[in-house]
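**Q** Here you go, one structure.
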Ligand code: HEM
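Numbering (the UniProt record's numbering), first residue to last: 1 to 203.
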């Protein structure tokens, strides 16, 4: 039986969850030390205890995030997972599935992603890459001057870093709501279960 999600994929997904949580919660503590928007994150939702502790968490967890992300991308390319399951949908397929989702008529097949999921998952992977690159820019702005210029300077790189964090947190909220609506998907991300049969080919 070919599982809906292979073992390496399941392991990398959960490592990613741990790394992203460490990054987000320690990032909130770092932001709180010098907020550039008119709000701060509640202390209970932060990791690290103080600026130095949060930076230590942030700069350690990023290596886990990057190593796991590189392993995921290499695995995805060489196993054919990215091409087979996460190829960008055509605008027509996206519109069709998005309208069906709004009407609560989008069937969810374990082991097959619809066009909305493909865009959603592919999108968060790209956003995570931008998040890491802007993070590197504001960590070493002198040594990585070229990268900083690519993002329009230090201040813009910091704001993009913050904006990407908001998109990632937004993704996680929607992701968790969808998992709660179809809890069978969670079982398939934990243990080996067979894929549902697919009736119509994806466009
Ligand atoms: C506790 C938190 C999380 C839970 C319970 C969870 C659960 C799941 C489940 C059940 C799936 C499979 C969906 C399906 O088969 O329809 C999935 C896929 C996915 N999740 Fe999560 N997830 C969590 C956090 C995250 C985070 C933090 C990220 C990244 C920011 C993420 C990114 C993804 C991606 C990209 C996929 C598609 C993976 C692939 O097939 O290559 N998830 N998640």
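We treat Cβ as the ideally placed atom computed from N, Cα and C, and that holds for glycine.
Taking contact to mean at least 3 C-beta pairs separated by less than 8 Å, is the region 34-48 in contact with the region 6-14?
**A** Judged by Cβ distances under 8 Å, the region 34-48 makes no contact with the region 6-14, as fewer than three pairs qualify.
**Q** Residue range of the alpha helix (DSSP H) that residue 1 falls in?
**A** Working through the chain shown from its first residue, we reach residue 1 at position 1. Looking at the DSSP string, residue 1 is not in any alpha helix (DSSP H), and its letter there is neither H nor E.
**Q** Tell me the start and end of each unbroken alpha helix (DSSP H) in the region 51-86 that is at least 4 residues and wholly inside, in chain order.
**A** The region 51-86 contains these whole alpha helix (DSSP H) runs: 51-79 and 81-85.
**Q** Using a threshold of 9 Å, state whether the C-beta atoms of residue 112 and residue 198 are closer than that.
**A** Taking the first residue of the chain shown as position 1, residue 112 is located at position 112. Taking the first residue of the chain shown as position 1, residue 198 is located at position 198. Cβ distance < 9 Å, so residue 112 and residue 198 count as in contact.
**Q** Do residue 134 and residue 160 have their beta-carbon atoms positioned less than 9 Å apart in this structure?
**A** Indexing the chain shown from 1 puts residue 160 at position 160. Indexing the chain shown from 1 puts residue 134 at position 134. Contact: yes.
**Q** Any heavy atom of ligand 1 closer than 8 Å to the CB of residue 68?
**A** Here residue 68 is taken as the residue at index 68 of the chain shown, counted from 1. No, Cβ of residue 68 sits at least 8 Å from all heavy atoms of ligand 1.
**Q** Should residue 25 be counted as a contact of ligand 1 given a C-beta to heavy atom distance under 8 Å?
**A** Taking the first residue of the chain shown as 1, we reach residue 25 at position 25. Answer for residue 25: no, Cβ out of range of ligand 1.
**Q** Are there 16 or more other CB atoms within 10 angstroms of the CB of residue 91, so buried, or fewer, so exposed?
**A** By 1-based counting over the chain shown, the position of residue 91 is 91. That one is exposed.
**Q** Would you identify the three-state DSSP class for residue 8, choosing helix, strand or coil?
**A** Sequence index remark: in the chain shown, residue 8 carries index 8 (1-based). If DSSP states are grouped into helix, strand and coil, residue 8 belongs with the helices.
**Q** Rounding to the nearest angstrom, what Cα-Cα distance links residue 164 and residue 86 in this structure?
**A** The residue labelled residue 164 in the question sits at position 164 within the chain shown. The residue labelled residue 86 in the question sits at position 86 within the chain shown. Distance between the alpha carbons of residue 164 and residue 86 is about 21 Å.
**Q** I'd like to confirm something about residue 97: is its beta-carbon nearer than 8 Å to some heavy atom of ligand 1, or not?
**A** Residue mapping note: residue 97 aligns to position 97 of the chain shown, counting from 1. No.
**Q** Less than 8 Å separating the Cβ of residue 46 from some heavy atom of ligand 1?
**A** In the chain shown, the residue the question calls residue 46 occupies position 46. Outside the cutoff, so no.
**Q** Starting from residue 88 and walking both ways along the alpha helix (DSSP H), at which residues does that stretch end?
**A** Stepping through the chain shown from its first residue, residue 88 is reached at position 88. Per DSSP, residue 88 belongs to no alpha helix (DSSP H) and is neither H nor E.
**Q** Report yes if the C-beta of residue 101 is less than 8 Å from at least one heavy atom of ligand 1; otherwise report no.
**A** Position 101 of the chain shown, counted from the first residue, corresponds to residue 101. Flag unset: Cβ of residue 101 not near ligand 1.
**Q** With 16 as the cutoff for other CB atoms within 10 Å, does residue 180 come out buried or exposed?
**A** The count along the chain shown starts at 1 and reaches residue 180 at position 180. That one is exposed.
**Q** Within its chain, find whatever has a CB closer than 6 Å to the CB of residue 131; leave out the 5 residues flanking it on each side and keep chain order.
**A** The count along the chain shown starts at 1 and reaches residue 131 at position 131. So the list reads 164, once near-sequence residues are dropped.
**Q** Ordered along the chain, which non-local residues of its own chain (more than five positions away) have a Cβ less than 7 Å from that of residue 30?
**A** Numbered from 1 along the chain shown, position 30 holds the residue referred to as residue 30. Once the five neighbours on either side are set aside, the close Cβ partners of residue 30 are 51, 54, 55 and 58.
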